[in-house]
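Encoded as structure tokens, the structure appears first; notes follow it.
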Amino acid sequence: MYIERTFILDAPLQRAWAFLNEPQEMGNCLPGCHAVEVLEPGKYRASVGLKAGPIKVGFDVQVETGEERPPEYATYTMRGADKDGGSKVSAHCTLALKAVESRRTEITYTSNVQIVGKLGKFAGGVMQKFADGVNDQFIAALTRRVAELESSVPASAPAETGVVGRLKAALAKLLAVFRRYL
Numbered sequence: 111m112y113i114e115r116t117f118i119l120d121a122p123l124q125r126a127w128a129f130l131n132e133p134q135e136m137g138n139c140l141p142g143c144h145a146v147e148v149l150e151p152g153k154y155r156a157s158v159g160l161k162a163g164p165i166k167v168g169f170d171v172q173v174e175t176g177e178e179r180p181p182e183y184a185t186y187t188m189r190g191a192d193k194d195g196g197s198k199v200s201a202h203c204t205l206a207l208k209a210v211e212s213r214r215t216e217i218t219y220t221s222n223v224q225i226v227g228k229l230g231k232f233a234g235g236v237m238q239k240f241a242d243g244v245n246d247q248f249i250a251a252l253t254r255r256v257a258e259l260e261s262s263v264p265a266s267a268p269a270e271t272g273v274v275g276r277l278k279a280a281l282a283k284l285l286a287v288f289r290r291y292l
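As numbered in my numbering, the sequence shown has no gaps in its residue numbers, which increase by one up to the final residue, 292.
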């Protein structure tokens, strides 16, 4: 099954890249993701529970970063099996980012997914429709979360990345509050 999506994040390129490389944040946006564990830089394990029609599956998956060209391109591989051993999934994914304005980034991701076992029986239109729904939910959660984070960053702030950028933004807000009373 092939999945391709393009959407806009209201964040500068560097901050969009940093967010997309935060495993916990990404896990919080993924429907059914219960836990994310960083095994080592560029390697993660996640527990994901999904329901497709009458079938409920809980997958343990490993995600590994392949090629990276920050802040514009990365590849990932994913492999996993459901906890009952009835289905297996693997995917090769690409992620491409492009600044479309100073504070907006176009995201394009692709996934070439193979599913075998119980869940694989629903291949074709049914599984594609299910995957489209999961992707719609993921994109909605991702854009909401990035909008929340961006609303806390002053418009003139440089595009800091990761936790350091968010800490600097929070500190700047706190200092602004104190300045009003000094």
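By construction, the Cβ of each residue, glycine as well, lies at the ideal position given by its N, Cα and C atoms.
- Please list, in chain order, all residues of the same chain as R213 whose beta carbon is under 6 Å from its beta carbon, the five residues on each side excluded. On the sequence shown, position 103 is the one that residue 213 refers to. So the qualifying residues of the chain are P122.
Return the Cβ separation of T220 and I113 in integer angstroms, given the expectation that the two are a contact with Cβ distance under 8 Å.
In the sequence shown, counting from the first residue as 1, residue 220 sits at position 110. In the sequence shown, counting from the first residue as 1, residue 113 sits at position 3. T220 to I113, Cβ: 7 Å. Contact.
Starting from L229, trace the beta strand (DSSP E) in both directions and tell me its first and last residue.
Residue mapping note: residue 229 aligns to position 119 of the sequence shown, counting from 1. First-last for L229: undefined, no H or E at that position.
Are A201 and V223 touching if we call contact CB-CB under 7 Å? To locate residue 201, count along the sequence shown from 1; it is residue 91. To locate residue 223, count along the sequence shown from 1; it is residue 113. Yes, these two residues count as a Cβ contact at 7 Å.
**Report entry** Residue(s) in a DSSP beta bridge with G168
**Finding:** The residue labelled residue 168 in the question sits at position 58 within the sequence shown. G168 is bridged to G159.
Check: Would F129 pass as a contact of V256 if the rule is Cβ separation under 7 Å?
Finding: Against the sequence shown, residue 129 aligns to sequence position 19. Against the sequence shown, residue 256 aligns to sequence position 146. A contact, by the Cβ cut-off of 7 Å.
Opening and closing residue of the alpha helix (DSSP H) in which G137 lies: In the sequence shown, the residue the question calls residue 137 occupies position 27. G137 -> alpha helix (DSSP H) spans P133 to C139.
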